[in-house]
Amino acid sequence: MDEEALIARAKEEREKIFQRYGFIHANSKDDKPPQKRGPHDSKTLEIEMGRVKKWLKLLGLSSQPVKRPWDDKAVQAKVRKRVFKGIPEKVRGKVWCKLLNLEQVMKAEEGKYKKMLDLARNWSTEARQIDKDVNRQFRDHIFYRERYSDMQRSLFNVLVAYSMYNTEVGYCQGMSGLAGVLLMYMKEEEAFWALSILLADAKFAMHGLFIEGFPKLTRFLAHHDRIITKFIPKLKKHFDQCNLDSILYSLKWFFVVFIER
């Protein structure tokens, strides 16, 4: 790449606008530049910071932590209520780690991730496909824009190690989106164990979305069809008249748990 091309690319990168979650806004002539914070934004920020403080208290990370244990019924009721309000960006990784019990899992499985990663580097049959999918995943996000960046390498490591750890599932394309989001909030090994728990733990049991035949995905799609038939029959009838099968628009809702649009 010559000097002029490098300068042009650097200018293009500077002009890109990233939103709060790290994704690039479309950069067209119709785009409006970011506006200064108004009273509404300040109020929203104030509410968010209040929620951060409440979460830190629940997690035992504030100067006045909750005295009851995490698994206490009253504490869990608060956790559930606050999850539905939305976990603030600043504490999302910490909350996810706590909800998935990662600290205890990683202590019990110390050294296992490195072992799986070493095995995968020598024996994985999924490495080539994983590398291709990593190259396509979240390329409009600041963490994953550059080929072979640290985050792309971490995503590859998590997926290739998991393909050795859980040979029943191995690797399936939708897993890259799930692992990619986990890595936005967690360290590499934490993301590996979070992925493992989400897929294999009975509480989440997401493996049915990724194993051969996709049995859980099939059940979700059938359940979705029954719901819209019962509650919005006119819309269902319209879809049927248009030959619009629900799999065409809802596949990614379930397959990557609403991560992608």
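Add 3 to the 1-based position in the sequence shown for the numbering used here, that's all there is to it.
From the three backbone atoms N, C-alpha and C, an ideal C-beta is built for every residue, glycine too.
The model shown is predicted, which means the values in this text are computed figures rather than measured ones.
Query                                                                                                                                                             : Result
Could you check if Met178 is buried or exposed, using at least 16 other CB atoms within 10 Å of its CB as the buried criterion?                                   : buried
On the DSSP letters alone, give me the boundaries of the alpha helix (DSSP H) that Gln107 sits inside.                                                            : Leu105 to Ala111
Distance check for Tyr151 and Gln67, CA to CA, integer angstroms please.                                                                                          : 43 Å
Going by alpha carbons, who is nearest to Ala182 out of Val260, Lys57 and Val82?                                                                                  : Val260
Can you name, in chain order, every residue of its own chain whose Cβ lies under 8 Å from the Cβ of Ser65, other than the five neighbours on each side?           : Lys56 and Leu59
Count the other CB atoms, across all protein chains shown, that sit within 10 Å of the CB of Met52; report buried if there are 16 or more and exposed otherwise.  : exposed
Per DSSP, which one or two residues make a beta bridge with Phe26?                                                                                                : His144
Ala197 and Leu103: beta carbons closer than 7 Å?                                                                                                                  : yes
Return the first residue and the last residue of the alpha helix (DSSP H) that Asp75 is part of.                                                                  : Note, Asp75: premise wrong, no alpha helix (DSSP H); not H, not E.
Throw me the rounded Cβ distance for the Val78 and Leu105 pair, which I believe falls under 8 Å.                                                                  : Incorrect: roughly 18 Å between the Cβ atoms, too far for contact.
Count the other CB atoms, across all protein chains shown, that sit within 10 Å of the CB of Asn246; report buried if there are 16 or more and exposed otherwise. : exposed
Shorter than 6 Å, the distance from the beta carbon of Leu120 to the closest heavy atom of the ligand PLP, or not?                                                : Ligands in the displayed structure: none, and consequently the ligand PLP is not present.
Alpha carbon to alpha carbon, what distance is there between Ile27 and Asp33?                                                                                     : With a pLDDT of 48 at Asp33, under the threshold of 50, the modelled position of that residue is not reliable, and the figure given next carries that caveat. Computed Cα separation, rounded: 15 Å.
For Trp126, count the other beta carbons within 10 Å of its own beta carbon; 16 or more makes it buried, fewer makes it exposed. Which is it?                     : exposed
Can Val172 and Ile214 be called in contact, C-beta distance under 7 Å?                                                                                            : yes
Around the Cβ of Phe159, are there at least 16 other Cβ atoms within 10 angstroms (buried) or fewer (exposed)?                                                    : buried
So the alpha helix (DSSP H) Arg124 belongs to, where does it begin and stop?                                                                                      : Lys115 to Trp126
With a CB to CB cut of under 8 Å and the five nearest residues on each side skipped, what residues in its chain are close to Ala203?                              : Asn169 and His210
Cβ atoms of His144 and Leu63: under 7 Å apart, would you say?                                                                                                     : Leu is not the amino acid found at residue 63; the sequence shown has Gly there. No; because the gap between Cβ atoms is not below 7 Å, this pair is not in contact.
Which of the three DSSP states is assigned to Lys206 in this structure?                                                                                           : coil
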